[in-house]
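In my numbering, the protein residues as written are 3 to 418.
Glycine included, C-beta positions come from ideal geometry on N, C-alpha and C.
Data first, discussion second: the structure below is written as structure tokens.
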Amino acid sequence: MLIYFRVLGESFNFAINALKNNKLRTFLSLLGVTIGIFSIIAVLAAVDSLKREVTGSLSSLDESTMIITRMSFGPTEVPMWKREQFPDVSYEEYQTIKEIPEVAAVSYSLYMGQESLRYRGKQLSNVDIFPVTYEHYEIEALQIEEGRFFNAAESNSGANVMVIGADVAESLLENENPLGKEIRLYGRDFTVIGVLEKQGSNFLGPSNDNAVIIPTNIVRKIYGDNNRSIFPQIIVKPKEGVDEDELSAKLEHHLRLQRGIKPGDVSTFFINKLSGFADFIDDITGQLNFMGLIISGFSLLVGGFGIANIMFVSVKERTHIIGIQKSLGAKNKFILFQFLFEAVILAVIGGLVGLFFVWIASVIVSGFTGDFQFVLSAGNMLIGFLISTAIGLISGIIPAISAAQLDPVEAIRTGM
């Protein structure tokens with residue numbers, strides 16, 4: 003074991019000397035490894051960070067959740083002009099879906115866009131308005147910091163109550179206790195009954211921090227049920243253990259019967275599965291990873307040839323030393339490991355420089371993007387280290403074998 007540590011130490015010294023004595027040649031040769039490792043790990047880190055943001059945005063909803071709307075969240079064979087003629091999902095459909103035994107909870111929500119809030123002469127613009135039914139609290143697993151969420155009676159009657167996000171409370175009410183305050187929206191006074199916990203950014207859409215949640219039925223009273231500028235959706239949470247495909251088929255059959263759609267006619271609604279969206283994200287990130295690896299592989303190939311070139315030159319320059327080592331009893335494997343370790347050390351140095359640049363890039367990108375965090379994980383760093391080691395082994399094996407097979411007499415004569 004000690005002899006291998008000795009070989010490792012000598013190889014490290016030879017590698018450092020190669021860097022010092024042939025700076026330009028070594029720099030150009032290792033540049034390929036550095037760029038290759040930078041490219042691969044940067045792609046992996048970017049995709050992992052993107053996936054982490056998407057997963058975090060979806061974490062409040064169970065992956066088995068289904069969203070029923072007149073629009074599809076993914077590719078569909080139904081043309082756009084036909085989809086635009088589909089009727090919106092209705093409040094009555096939401097009520098009937100609640101009766102299906104396999105359903106744990108159902109929420110009826112509306113997409114309203116942004117509005118302005120007023121409180122004692124102060125106005126807050128561009129606030130996201132989320133009209134939902136009371137079940138939404140359970141489906142999205144909302145966290146209340148102060149107060150409570152509206153109950154079934156308030157939801158069904160369309161009471162003038164609201165739950166506000168953390169940023170809304172801070173910006174509009176400042177240091178006042180928000181509970182019980184009257185905030186004006188849609189020309190009416192709403193009583194604040196709850197404040198949501200700070201959520202942070204949401205990669206897939208608006209954050210609850212800058213949102214106001216109100217009962218759906220108050221909006222239905224104001225705008226009615228036939229306003230196409232409002233986008234209704236029914237969110238269905240299946241009971242635990244229920245087969246998603248079976249429930250999806252049951253929901254489709256139920257709604258087709260309720261809408262009187264004839265057999266053979268296309269359904270005038272879409273059941274969008276959150277699990278399908280998660281699979282879609284996994285597929286996209288997988289393709290991005292694959293494409294990044296292919297592109298970065300060319301840089302690593304160039305870097306590998308560069309290290310192989312350094313090692314062949316190193317073998318030629320140290321032929322005389324190899325002959326002396328062999329004449330003093332050094333075995334072939336000692337010579338082999340000596341050059342192999344040197345190739346690995348050179349590759350790892352290039353890889354570490356590449357990882358350092360990825361880390362610098364992650365700090366810069368995270369600083370510019372704000373809430374989006376570009377994270378260089380320990381797993382990706384390990385991948386970079388292993389790839390560097392593999393490049394060193396592959397690039398150095400042939401030069402190392404050629405050095406180990408040198409005849410000591412010829413080697414000494416050649417070096418003289």
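| Item | Value |
| --- | --- |
| Report back the beta-carbon spacing between residue 40 and residue 359 to the nearest angstrom; my notes put them in contact at under 8 angstroms. | 5 angstroms |
| How long is the line joining the alpha carbons of residue 135 and residue 221, rounded to whole angstroms? | 11 angstroms |
| Can you tell me whether DSSP reads residue 160 as helix, strand or coil? | coil |
| Any idea if residue 293 is buried or exposed, counting beta-carbon neighbours within 10 angstroms, 16 or more meaning buried? | exposed |
| In or out: residue 421 buried (at least 16 other Cβ within 10 Å) or exposed? | No answer is possible for residue 421: it lies beyond the span of the chain, which begins at 3 and ends at 418. |
| Let's see if you can read the secondary structure: which residues bound the alpha helix (DSSP H) around residue 109? | Where residue 109 is concerned, there is no enclosing alpha helix (DSSP H), although the beta strand (DSSP E) it sits in stretches over 105-113. |
| Could you tell me the boundaries of the alpha helix (DSSP H) in which residue 247 lies? | 246-261 |
| Please name the residue or residues paired with residue 131 in a DSSP beta bridge. | 214 |
| Under a Cβ-count criterion, where at least 16 other Cβ atoms within 10 Å of its own Cβ denotes burial, should residue 365 be classed as buried or exposed? | exposed |
| Can you list, in chain order, the residues of its chain whose CB lies under 7 angstroms from that of residue 311, leaving out five sequence neighbours each side? | 31 |
| Cutting at 6 angstroms between CB atoms, please list the residues of its own chain near residue 382, excluding the five before and the five after it. | 43, 46, 47 |
| Let me know if residue 253 comes out buried or exposed under the rule of 16 or more other beta-carbons within 10 Å of its beta-carbon. | buried |
| Are residue 34 and residue 398 closer than 8 angstroms when you measure CB to CB? | no |
| Look up residue 198 in the DSSP assignment and say whether it is helix, strand or coil. | strand |
| Quick check: the region 234-253 against the region 87-94, are at least 3 beta-carbon pairs closer than 8 angstroms? | yes |
| If you run the structure through DSSP and keep just helix, strand and coil, what is residue 419? | Outside the shown range of the chain, which is 3 to 418, sits residue 419, and nothing can be said about it. |
| For residue 235, list the residues DSSP reports as bridge partners. | 111 |
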